[in-house]
Ligand SMILES: [Fe+2]
Ligand SMILES: [Fe+2]
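Residue numbers (my numbering): 92 to 563.
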């Protein structure tokens with residue numbers, strides 16, 4: 092039997108026989124998936140100092156222990172209910188929220204949950220080789236913390252599927268373990284989750300930009316009229332914040348080290364000759380993951396997004412900061428691209444909901460890039476990192492068929508082909524990054540040459556703490 096000890100939860104698992112049975116069936120497959128597709132080489136002989144959520148209150152959430160990864164206690168948690176919560180937007184604004192799935196929105200809700208759920212195991216799969224190239228035990232531990240929490244996010248979505256979607260939900264839960272990142276026949280649903288992440292610069296950019304898309308999506312789902320979905324995603328957001336911390340500080344530490352190397356060399360030497368990561372390479376990876384993550388927000392004009400909003404399934408981030416929650420007639424002024432130039436046009440706001448969320452996302456990313464630039468500023472460098480224009484390198488939406496440079500200037504196909512590696516990582520860049528990451532750093536308190544140590548350790552432990560223990 093699945094006990095609360097094994098699966099910490101606040102959903103009354105022990106008295107919910109139906110859910111128990113469904114999970115008893117699913118859990119062994121999950122563990123098998125974790126062993127096959129999770130962190131390679133760190134399944135059996137390593138103990139990792141991780142945080143395990145054992146309840147939703149602050150103490151229960153900050154519980155640290157050494158565990159072997161397959162023995163991590165993946166739990167099911169919903170944020171506390173909000174009393175008398177009412178629907179916050181759309182056509183049913185002001186009515187009581189739903190505790191069950193209304194039949195007419197069943198398919199739409201299932202699709203939203205499956206799409207979110209699919210990203211969680213996908214990122215674990217994408218990152219599964221990184222442990223063998225880690226820059227320190229501290230970073231190795233952070234990688235695994237992110238991985239187990241993405242695993243828990245999968246559990247959260249599977250809980251929703253098992254509890255509210257009957258047979259279809261159970262089938263979907265199985266398929267979440269069958270699709271595979273980058274697999275030709277059964278790929279993950281969204282493109283950014285099929286890109287390999289084989290070096291640590293990609294990992295940090297991914298957790299900065301793609302996990303931040305996770306934050307956008309979770310914020311909009313936490314507004315949902317389906318109350319259990321709202322509560323599940325609200326708790327997931329607390330974990331997402333840590334993933335973005337890993338990404339933002341990871342890049343900041345690389346920048347710090349790059350600046351140190353440049354300074355030591357009198358600002359004239361090629362940083363690569365000193366084993367560091369040069370600023371243009373960092374900018375290229377930023378360009379790549381930012382543009383891929385913009386795509387994740389969907390098409391600029393979207394009738395699906397309008398319908399999700401109208402039906403109260405998926406709202407805007409921070410819906411309560413808006414004055415109008417119904418937005419029947421409001422319009423959004425959008426930049427279309429027609430006959431070689433941009434043309435501003437009004438679109439019904441409801442049809443522009445993806446773009447509204449993307450605006451929030453771009454603002455949140457821009458603030459992070461500003462914080463990175465403070466590192467460069469501190470070292471007296473005049474170079475700055477920047478977000479590319481949102482038309483750059485898009486694979487989804489109205490700009491997808493065209494090419495733009497990072498300033499948003501349109502380019503011909505030939506020019507794009509000739510110049511794209513000025514702005515995006517080339518095979519040579521990846522090769523260089525792999526070369527400096529070829530030997531992992533597993534010694535306590537040591538860091539790879541291309542990255543500075545963090546300011547402080549995890550959970551007030553020293554930086555040279557043994558964050559991952561190897562059994563003899
Ligand atoms: Fe997640
Ligand atoms: Fe995440």
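We treat Cβ as the ideally placed atom computed from N, Cα and C, and that holds for glycine.
Treat the numbers as computed from the prediction; the structure is a model and nothing was measured.
Query	Result
Just checking my contact of residue 325 with residue 316 at CB under 8 Å: how many whole Å lie between their CB atoms?	Incorrect: roughly 14 Å between the Cβ atoms, too far for contact.
Check residue 138 in the structure and name its three-state DSSP category.	strand
So which of 392, 254, 345, 363 has the shortest CA-CA distance to residue 437?	392
Can you tell me which residues fall inside 6 Å of ligand 2, judged by beta-carbon distance to its nearest heavy atom, and keep chain order?	241, 302, 305, 331, 334
Leaving aside the five residues before and after residue 142 along the sequence, list all residues of the same chain whose C-beta is less than 7 Å from its C-beta, in chain order.	153, 154, 155, 236
Just mark residue 203 as buried or exposed, buried being the case when its beta carbon has 16 or more other beta carbons within 10 Å.	buried
Identify the continuous alpha helix (DSSP H) that holds residue 377 and give its terminal residues.	370-386
Starting from the C-beta of residue 328, find all residues in its chain whose C-beta is less than 6 Å away, skip the five residues before and the five after it, and write them out in chain order.	309
Looking only at C-alpha atoms, which of 452, 255, 311 sits nearest to residue 411?	311
Between the Cα of residue 388 and the Cα atoms of 425, 400, 307, 467, which residue gives the shortest distance?	307
Grab the span of the beta strand (DSSP E) containing residue 561 for me, first residue to last.	559-561
Can you find the residues in the same chain that come closer than 7 Å, C-beta to C-beta, to residue 129, ignoring five residues on each side of it along the sequence?	160, 215, 219, 238
Indicate the three-state DSSP secondary structure (helix, strand or coil) for residue 410 in the structure shown.	helix
Tell me the rounded alpha-carbon separation between residue 190 and residue 290.	43 Å
Pull up the distance between the alpha-carbon of residue 453 and that of residue 301, whole angstroms please.	12 Å
Is residue 244 near ligand 1, going by C-beta to nearest heavy atom under 7 Å?	yes
Is any non-hydrogen atom of ligand 3 found closer than 7 Å to the C-beta of residue 248, if you look at the structure I gave you?	Looking for ligand 3 in the displayed structure turns up nothing; the ligands present are ligand 1 and ligand 2.
With DSSP as the reference, label residue 354 as helix, strand or coil.	helix
In this structure, does DSSP put residue 145 in helix, strand or coil?	coil
Can you tell me the Cα-Cα spacing of residue 407 and residue 524, whole angstroms?	38 Å
Taking residue 231 as the reference, give the member of 295, 366, 188 with the closest Cα.	295
Here's a check: name, in chain order, each residue in its chain whose Cβ is nearer than 8 Å to the Cβ of residue 483, leaving out the five neighbours to either side.	378, 382, 495, 496, 497, 499, 514
Between residue 522 and ligand 1, is there a pair consisting of the residue's CB and a ligand heavy atom that are separated by less than 7 Å?	no
What does residue 167 pair with, by DSSP beta-bridge criteria?	100
Can you tell me whether residue 156 is helix, strand or coil according to DSSP?	strand
Give me, in chain order, the residues of the same chain whose beta-carbon lies closer than 7 Å to that of residue 376; leave out the 5 immediate sequence neighbours on both sides.	292, 293, 296, 516
Can you tell me whether DSSP reads residue 624 as helix, strand or coil?	Because residue 624 is not part of the residues shown, which for the chain are 92 to 563, the question remains open.
So what's residue 437 in DSSP terms, helix, strand or just coil?	strand
On the DSSP bridge list, what partners appear for residue 187?	177
Taking 8 Å as the threshold, find out whether the stretch 358-378 comes into contact with the stretch 474-482 through three or more Cβ pairs.	yes
May I have the straight-line CA-CA distance separating residue 404 from residue 417, to the nearest angstrom?	13 Å
Which one or two residues does DSSP pair with residue 424 in a beta bridge?	437
Just to confirm, are residue 369 and residue 349 a CB contact at a threshold of 8 Å?	yes
Can you tell which of 103, 212, 272 has its C-alpha closest to the C-alpha of residue 120?	212
Could you name the residues of the same chain whose beta carbon sits closer than 7 Å to that of residue 233, not counting the 5 residues immediately before and after it, in chain order?	337
On the DSSP letters alone, give me the boundaries of the alpha helix (DSSP H) that residue 233 sits inside.	228-255
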